[in-house]
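Down below is the structure, laid out as structure tokens.
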Amino acid sequence: MRKIVFIMILALVTLLADAQTALKKVYDEKIDPMEQIDKALADAKVAQGKKFVMCQVGGNWCPWCLRFADFITNDSDIAKVVSDNYIYIHVNYDPRKSGGEQQAKAAKDLMKRLGNPQRFGFPVFVLLNTDGSVLHIQDSSFLEEGKGYNKEKVLRFFKAWTPLAVNGNA
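All the letters of the sequence shown, read from the start, carry residue numbers -19 to -1, 1 to 151 under mature numbering (1 follows the signal peptide of the UniProt record, and there is no 0).
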């Protein structure tokens, strides 16, 4: 009996420790990703060409997606470049077949709208201009370093795709 209680306590302590170190889930699985993109595009238009829409496509099921979100949020240099130049959204992609035919079609339509970025793995970044056209798809593996991301590479990526840089004014 003591052994069982000990194992249960150990399991609980491990679970609590994991919960404290778990990364924040940033993908809202309840909203329609197409509507989310449309809203971000409308917000970008209000910014009068000063911002593009950056879609971080992935899901809460993807540890690398959550690591990236945490990384750019906690680095003030990167966070500033992002907030100054992008309407940044986390677009939930659910590739599971458990949602049935309708969910599978919605996921396929989403990927088509974004230029089929899933071929690069997740997270993948899709940059849209204010008209909703895909300007660039970024494979996140080129931004990785070890079990995280490289600050210089991430900053270079974001700075290279600002509206000023793309429009030739940087």
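Where is the CB? At the ideal position from N, CA and C, for every residue including glycine.
{"query": "Within 9 Å, strictly: CB atoms of Ser34 and Leu108", "result": "Note that residue 34 is Val in the sequence shown, not Ser. Going by C-beta atoms, Val34 is nearer than 9 Å to Leu108."}
{"query": "Contact the segment 26 to 44 vs the segment 56 to 73: 3+ CB pairs below 8 Å", "result": "yes"}
{"query": "Of the listed residues Pro104, Gln83, Lys86, Gly113, nearest to Leu95 (C-alpha basis)", "result": "Gly113"}
{"query": "Helix, strand or coil at Cys46 according to DSSP, with G and I counted as helix", "result": "helix"}
{"query": "Element boundaries [beta strand (DSSP E), containing Asp90]", "result": "Note, Asp90: premise wrong, no beta strand (DSSP E); alpha helix (DSSP H) at 81 to 94."}
{"query": "Coarse secondary structure for Val7, derived from DSSP in three states", "result": "coil"}
{"query": "Burial state of residue 152 (16 or more Cβ within 10 Å)", "result": "No information on residue 152 is available, as it lies outside the stretch -19 to 151 that the chain covers here."}
{"query": "Segments assigned alpha helix (DSSP H), at least 4 residues, entirely inside the segment 119 to 149", "result": "132 to 141, 144 to 147"}
{"query": "Collapsed DSSP secondary structure at Ile59 in the structure displayed", "result": "helix"}
{"query": "Ala50 and Leu91 closer than 9 Å at C-beta", "result": "no"}
{"query": "Extent of the continuous beta strand (DSSP E) run through residue 153", "result": "The shown model of the chain, from -19 to 151, leaves out residue 153, and the question about it has no answer."}
{"query": "According to DSSP, residues forming a beta bridge with Phe106", "result": "Gln37, Gln119"}
{"query": "According to DSSP, residues forming a beta bridge with Val27", "result": "For Val27, which the question treats as bridged, DSSP gives no partner whatsoever."}
{"query": "Nearest-angstrom Cβ-Cβ length linking Gln119 and Val105, presumed shorter than 8 Å", "result": "7 Å"}
{"query": "Whole-angstrom distance between Ala141 and Val147, CA atom to CA atom", "result": "7 Å"}
{"query": "Boundaries (first-last residue) of the beta strand (DSSP E) holding Ile70", "result": "67 to 73"}
{"query": "Cut-off 7 Å between Cβ atoms - residues of its own chain near Val62, not counting five sequence neighbours on either side", "result": "Leu136, Phe139, Lys140"}
{"query": "Among Thr111, Asn131, Gly129, Phe123, the one whose alpha carbon lies nearest that of Ala28", "result": "Thr111"}
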